[in-house]
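Chemist: Have a look at the structure that comes next, please.
In my numbering, the protein residues as written are 14 to 258.
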């Protein structure tokens, strides 16, 4: 008989944290780079740390930082990060059956701590038969990711203060490399490739638009192209299935 059936809250919490370790390791360099880049791009020590504490969304934080450095307007920053984070709505819908009966004191922090990494970990739990103590398992994963992100941001900030003339090290290149590192592992099928290529080409093509509107338009174009490619792929699969019958 599986021990998961008799898992205590503490065991579930520990299991969630342990299963997140590989993703924590992968997030370490991104957190450090963000902490280093914050002051280089005009944020104070406190503002950079607060962004990680309050926002806690790696891709949104890097995008916001890039837009701030480019002099984009506040409304454009908010709108762009909103579009980028729309995927979290899909995550939330998937988790509704598991959190519907939980009190608000659980659901609110779980919503705040929802990230790509934690969703990937808990999705594995959902796919198995071992769903007991799900909220504690989720909490173990989410809190370990959150603590790791704060420590890495603080480490990056500290390095930025200790290392002289770090702003002259070409860290703007590091931001571009970080974006590539975030996006590349997600390109696992043709619709996502279409989205990335469309957004990349359009961002270069529209780079001279005022108020950095080209970045937002490119992101929206990428989303629409990816959605269109996904719909076309599903239609093609349906046609093949009907033809096979």
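Quick reminder that beta carbons are idealized off the backbone N, C-alpha and C, glycines included. Nothing here was measured: the structure is a model prediction, and the numbers come from that model.
Starting from residue 59, trace the alpha helix (DSSP H) both ways and give me its first and last residue.
Modeler: 58-67
Chemist: How should residue 161 be labelled, buried or exposed, when 16 other C-beta atoms within 10 angstroms of its C-beta is the threshold for buried?
Modeler: buried
Chemist: Do residue 33 and residue 131 have their beta-carbon atoms positioned less than 9 Å apart in this structure?
Modeler: Yes, they are a contact pair.
Chemist: Verify whether the separation of the beta carbon atoms of residue 222 and residue 211 is less than 9 Å.
Modeler: no
Chemist: By Cβ distance, which residues of its chain are closer than 7 Å to residue 240, with the 5 residues on each side in sequence left out?
Modeler: none
Chemist: Are at least three pairs of beta-carbons, each pair with one atom in the segment 120-138 and one in the segment 61-81, less than 8 Å apart?
Modeler: Taking 8 Å as the limit for Cβ pairs, the verdict is that the segment 61-81 does touch the segment 120-138.
Chemist: Can you tell me which of 236, 245, 253 puts its alpha carbon nearest to the alpha carbon of residue 100?
Modeler: 236
Chemist: Quick one: grab the DSSP three-state call for residue 153.
Modeler: When DSSP states are grouped into helix, strand and coil, residue 153 belongs to the helix group.
Chemist: Check this for me: beta carbons of residue 134 and residue 154, under 9 Å apart or not?
Modeler: yes
Chemist: Measure the CB-CB distance between residue 42 and residue 173 and report whether it falls below 9 Å.
Modeler: no
Chemist: At the level of alpha carbons, what is the spacing between residue 200 and residue 118?
Modeler: 36 Å
Chemist: Using a Cβ-Cβ cutoff of less than 7 Å, which residues in the same chain neighbour residue 91 once the five nearest sequence positions on both sides are dropped?
Modeler: none
Chemist: Let me know the alpha helix (DSSP H) ranges lying completely inside the segment 94-165, each 4 residues or longer, listed in chain order.
Modeler: 100-112, 117-125, 129-140
Chemist: Please list the terminal residues of the continuous alpha helix (DSSP H) segment that includes residue 222.
Modeler: From DSSP, residue 222 is part of no alpha helix (DSSP H); its letter is neither H nor E.
Chemist: Do the CB positions of residue 79 and residue 228 come within less than 9 Å of each other?
Modeler: yes
Chemist: For the alpha helix (DSSP H) holding residue 53, just list the boundary residues, first then last.
Modeler: 22-53
Chemist: Going by beta-carbon coordinates alone, are residue 61 and residue 75 separated by less than 9 Å?
Modeler: no
Chemist: By the 10 Å Cβ neighbour count, where 16 or more other Cβ atoms means buried, how is residue 158 classified, buried or exposed?
Modeler: buried
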